[in-house]
Amino acid sequence: MSELHEEKLRELEEKAIEIRQLIIKTLLEAGSGHSAGPLGMTDIFCAFYFHILNHDPKKPDWPERDRLVLSNGHICPVQYVTMALAGYFPIEELKTLRKIDSRLQGHPHRTALPGLETTSGPLGEGISQAIGMALAAKLDKKDYRIYVLTSDGEHQEGNTWEAAMFAGKNKIDNLVQVMDRNNIQIDGFTENVMPLEPLREKYLAFNWEVIDIDGNNIREFVEAVGKAQAIHEKPTIIIAHTTPGKGVSFMENDYKWHGSPPNEEEAKTALHELRTLQGKIVSEHE
Amino acid sequence: MLNPALKLNQKIFDKNVEVVPTRKGYGDALEKLGEVNPNIVVLCADLTDSTQCAKFAEKFPERFIECGVAEQNMAAIAAGLGVSGKIPFISSYATFSPGKNWETIRTTIVYNQSNVKIAGHHSGIVTGPDGATHQATEDIASVRAWPLIKIVIPCDSNEAFRATEASVDIEGPIYLRFTRDKTPVITTDKTPFDINHAQIYWLGKNPQATIFGTGHLLYYALVAASELEREKIDVDVVNVATIKPIDEVTIVSSAEKSGAVVTVEDHQITGGLGSAIAEVLSRNKPLPMEYIGLQDTFAESGKPAELIKKYKMDDEAIIEAVKKVIKRK
Numbered sequence: 001m002s003e004l005h006e007e008k009l010r011e012l013e014e015k016a017i018e019i020r021q022l023i024i025k026t027l028l029e030a031g032s033g034h035s036a037g038p039l040g041m042t043d044i045f046c047a048f049y050f051h052i053l054n055h056d057p058k059k060p061d062w063p064e065r066d067r068l069v070l071s072n073g074h075i076c077p078v079q080y081v082t083m084a085l086a087g088y089f090p091i092e093e094l095k096t097l098r099k100i101d102s103r104l105q106g107h108p109h110r111t112a113l114p115g116l117e118t119t120s121g122p123l124g125e126g127i128s129q130a131i132g133m134a135l136a137a138k139l140d141k142k143d144y145r146i147y148v149l150t151s152d153g154e155h156q157e158g159n160t161w162e163a164a165m166f167a168g169k170n171k172i173d174n175l176v177q178v179m180d181r182n183n184i185q186i187d188g189f190t191e192n193v194m195p196l197e198p199l200r201e202k203y204l205a206f207n208w209e210v211i212d213i214d215g216n217n218i219r220e221f222v223e224a225v226g227k228a229q230a231i232h233e234k235p236t237i238i239i240a241h242t243t244p245g246k247g248v249s250f251m252e253n254d255y256k257w258h259g260s261p262p263n264e265e266e267a268k269t270a271l272h273e274l275r276t277l278q279g280k281i282v283s284e285h286e
Numbered sequence: 001m002l003n004p005a006l007k008l009n010q011k012i013f014d015k016n017v018e019v020v021p022t023r024k025g026y027g028d029a030l031e032k033l034g035e036v037n038p039n040i041v042v043l044c045a046d047l048t049d050s051t052q053c054a055k056f057a058e059k060f061p062e063r064f065i066e067c068g069v070a071e072q073n074m075a076a077i078a079a080g081l082g083v084s085g086k087i088p089f090i091s092s093y094a095t096f097s098p099g100k101n102w103e104t105i106r107t108t109i110v111y112n113q114s115n116v117k118i119a120g121h122h123s124g125i126v127t128g129p130d131g132a133t134h135q136a137t138e139d140i141a142s143v144r145a146w147p148l149i150k151i152v153i154p155c156d157s158n159e160a161f162r163a164t165e166a167s168v169d170i171e172g173p174i175y176l177r178f179t180r181d182k183t184p185v186i187t188t189d190k191t192p193f194d195i196n197h198a199q200i201y202w203l204g205k206n207p208q209a210t211i212f213g214t215g216h217l218l219y220y221a222l223v224a225a226s227e228l229e230r231e232k233i234d235v236d237v238v239n240v241a242t243i244k245p246i247d248e249v250t251i252v253s254s255a256e257k258s259g260a261v262v263t264v265e266d267h268q269i270t271g272g273l274g275s276a277i278a279e280v281l282s283r284n285k286p287l288p289m290e291y292i293g294l295q296d297t298f299a300e301s302g303k304p305a306e307l308i309k310k311y312k313m314d315d316e317a318i319i320e321a322v323k324k325v326i327k328r329k
């Protein structure tokens with residue numbers, strides 16, 4: 001991973017706004033899907049695909065590529081949009097999300113779309129699959145890295161902790177987990193539905209390195225990944241504290257947006273807000 | 001008579017016929033595969049000895065992955081290995097894998113088309129004294145409903161060895177079903193194994209019924225056939241080792257010839273071999289059928305032979321079913 005210069009950082013921040021706009025447009029077109037998670041995780045996806053990952057969108061099966069495993073598959077709109085912008089498939093294809101005959105399934109399906117590493121949606125299964133890839137890399141003496149993105153809510157699944165226990169015991173140090181700590185899940189706030197805290201202490205007890213960051217700060221995230229790459233004999237978790245619905249005021253921190261898409265009016269307001277962020281206020285009637 | 005072309009064990013009807021658990025064939029095959037194929041990886045969930053992984057674990061420790069008592073984690077780790085060029089075998093009791101981790105396997109292995117081989121051990125009521133909690137009797141039904149998977153149920157330890165070996169040559173997920181108890185060796189080293197085709201193990205001169213069997217109970221089907229021959233009732237006995245995809249051609253032609261069918265399996269009669277045969281025949285040539293298997297009940301603790309008798313899966317029960325089905329023609 002190269003150093004993150006100021007100029008590149010600004011470029012990534014601009015790109016993140018573009019991704020958020022495309023997420024809103026894509027969700028509006030799809031008519032169903034999740035809003036809050038994708039917007040909250042946009043900065044991290046942007047940093048992965050445009051700075052961190054060693055990958056080639058034109059060769060999605062390149063054996064030496066870094067693996068990005070999305071465990072909480074329901075936030076796939078952000079992955080699809082970022083992949084399209086990175087050149088994995090035409091941006092136009094985003095309009096097919098959740099529709100018949102599409103490669104963009106409502107939850108990601110590996111064999112449908114080149115560039116996806118797993119099939120996901122049912123929660124709690126991503127870390128284990130990432131461990132499998134990490135073990136294969138070690139057996140083959142390859143130095144590609146495996147990143148797995150998880151949600152906080154899926155830490156209520158037993159499988160998540162089975163995987164955490166295994167990775168700690170086996171010192172899977174070519175694996176980095178990034179948890180989207182946005183505090184919401186379908187039924188409400190995580191600490192009301194089923195408390196997860198203290199997450200940091202839990203992971204430390206499972207022999208993981210733990211780094212807490214602001215998940216909507218690209219520089220902080222990139223630096224955390226750099227730190228994680230230097231850690232040996234342990235897996236690392238980056239607990240990314242994100243704002244669900246980030247960038248759209250009426251979606252931010254409201255769990256009602258976990259599993260809903262915007263309607264036309266809401267999308268218009270959202271896009272207006274995002275364009276303001278970009279400093280490019282244009283007519284809503286364009 | 002035993003089909004001479006298949007070179008089956010001629011001592012099968014002897015009182016002291018050799019008995020070996022099918023799981024041993026699995027363990028022996030893993031050991032051999034480990035030598036010849038560096039991509040074979042074996043995962044286990046705290047049942048290394050009883051699922052016969054110990055020899056592989058000892059010889060290839062770097063390729064043996066102990067997951068502890070965590071079947072979901074085992075399945076999904078294997079899924080990750082399987083999409084990364086490895087050929088993982090996951091080994092546990094079938095009630096736990098593919099039982100407890102059913103959805104994990106569905107999503108991460110089957111739908112995801114990861115090249116994982118699922119070994120379900122301790123299947124059927126012949127698991128015996130451990131009781132119904134450990135006797136997998138719905139696993140075929142729950143796995144058979146999945147698209148994109150193959151299912152092989154070896155009838156003895158030789159076939160278990162061959163099926164395990166053959167599974168490596170098939171890209172994609174496969175379910176292999178094994179038993180704990182020592183069961184009669186039906187085949188020999190010279191018996192051809194064909195993962196794609198059902199094979200006629202017993203040829204009746206003028207068959208009045210066809211017995212389709214799978215797994216270790218095939219032995220009782222053969223014993224029944226030989227006893228029926230003495231009563232001048234000819235039957236064919238077909239070994240349906242591969243339940244999915246099922247060999248429609250052999251099944252339809254054999255059933256058509258005799259005009260009546262009995263299915264035999266150590267599994268619930270719902271959703272397993274019997275259902276699979278009924279699906280084939282109802283589409284092609286509906287015929288009277290009788291089902292040997294667990295009749296919509298859980299079994300219990302006991303010696304395997306006692307359980308087979310009590311739950312009516314032995315030669316006596318099969319003979320009765322054959323006579324009944326012939327009357328229904």
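Chains A and B, in that order, are what the protein sequence lines are.
So in the numbering used here, spot 140 of the first sequence is number 140, and the numbers just go up one at a time.
So in the numbering used here, spot 191 of the second sequence is number 191, and the numbers just go up one at a time.
The C-beta atom is built at its ideal place from N, Cα and C for all residues, glycine as well.
Predicted model only: the values in this text are computed from it and were never measured.
Cβ of residue i within 8 Å of any chain A Cβ
i	result
Lys-117(B)	no
Gln-113(B)	yes
Lys-86(B)	yes
Asn-73(B)	yes
Cys-53(B)	no
Leu-81(B)	yes
Thr-95(B)	no
Cys-67(B)	yes
Glu-103(B)	yes
Thr-108(B)	yes
Ile-77(B)	yes
Ala-5(B)	no
Ala-299(B)	no
Ala-346(B)	This structure gives no information on residue 346(B), because the portion of chain B shown stretches from 1 to 329.
Euclidean distance between Cα positions of residue i and residue j
i	j	result
Thr-191(B)	Pro-77(A)	54 Å
Leu-277(A)	Pro-198(A)	34 Å
Ile-91(A)	Thr-150(A)	25 Å
Pro-304(B)	Ile-125(B)	7 Å
Ile-308(B)	Arg-180(B)	14 Å
Glu-138(B)	Tyr-255(A)	40 Å
Glu-300(B)	Asn-54(A)	56 Å
Ile-186(A)	Glu-64(A)	37 Å
Glu-255(B)	Phe-161(B)	Just to set this straight, residue 255(B) is Ala in the shown sequence, not Glu. Their backbone Cα atoms lie some 29 Å apart in a straight line.
Gln-113(B)	Met-313(B)	36 Å
Ala-221(B)	Ile-211(B)	7 Å
Ile-17(A)	Thr-242(A)	15 Å
Lys-58(A)	Pro-114(A)	10 Å
Ala-209(B)	Met-1(B)	14 Å
Asn-196(B)	Ala-278(B)	19 Å
Pro-60(A)	Lys-95(A)	22 Å
Top-ranked residue by Cα proximity to residue i, from the options
i	options	result
Ala-54(B)	Tyr-311(B), Lys-24(B), Leu-218(B)	Lys-24(B)
Phe-250(A)	Thr-119(A), Gly-188(A), Pro-262(A)	Pro-262(A)
Pro-207(B)	Ser-226(B), Glu-165(B), Lys-257(B), Asn-239(B)	Lys-257(B)
Ser-157(B)	Pro-288(B), Glu-229(B), Gly-27(B)	Gly-27(B)
Leu-4(A)	Lys-142(A), Gly-33(A), Ala-267(A), Ile-218(A)	Ile-218(A)
Leu-116(A)	Tyr-147(A), Thr-96(A), Lys-142(A)	Tyr-147(A)
Thr-242(B)	Pro-38(B), Val-235(B), Glu-159(B)	Glu-159(B)
Arg-67(A)	Tyr-80(A), Arg-103(A), Met-133(A)	Met-133(A)
Trp-62(A)	Glu-66(B), Gln-72(B), Gly-85(B), Ala-136(B)	Gly-85(B)
Leu-139(A)	Pro-122(A), Ala-164(A), Ala-163(A), Ile-172(A)	Ile-172(A)
Cβ of residue i within 8 Å of any chain B Cβ
i	result
Met-179(A)	no
Asn-159(A)	yes
Ser-128(A)	yes
Leu-4(A)	no
Pro-122(A)	yes
Glu-162(A)	yes
Arg-110(A)	yes
Met-133(A)	yes
Ala-136(A)	yes
Thr-119(A)	yes
Phe-166(A)	yes
Glu-125(A)	yes
Beta-carbon separation (whole angstroms), residue i vs residue j, contact threshold 8 Å
i	j	result
Gly-215(A)	Phe-221(A)	6 Å
Practice task
Report the residues of the region 140-152 of chain A with a CB closer than 8 Å to any CB of chain D, ordered along the chain.
Solution key: Checking the listed chains, one finds no chain D in this structure; the protein chains it contains are A and B.
Exercise for the section: Would you list, in sequence order, the uninterrupted beta strand (DSSP E) runs of no fewer than 3 residues that lie entirely inside the region 190-217 of chain A? Expected result: 209-214
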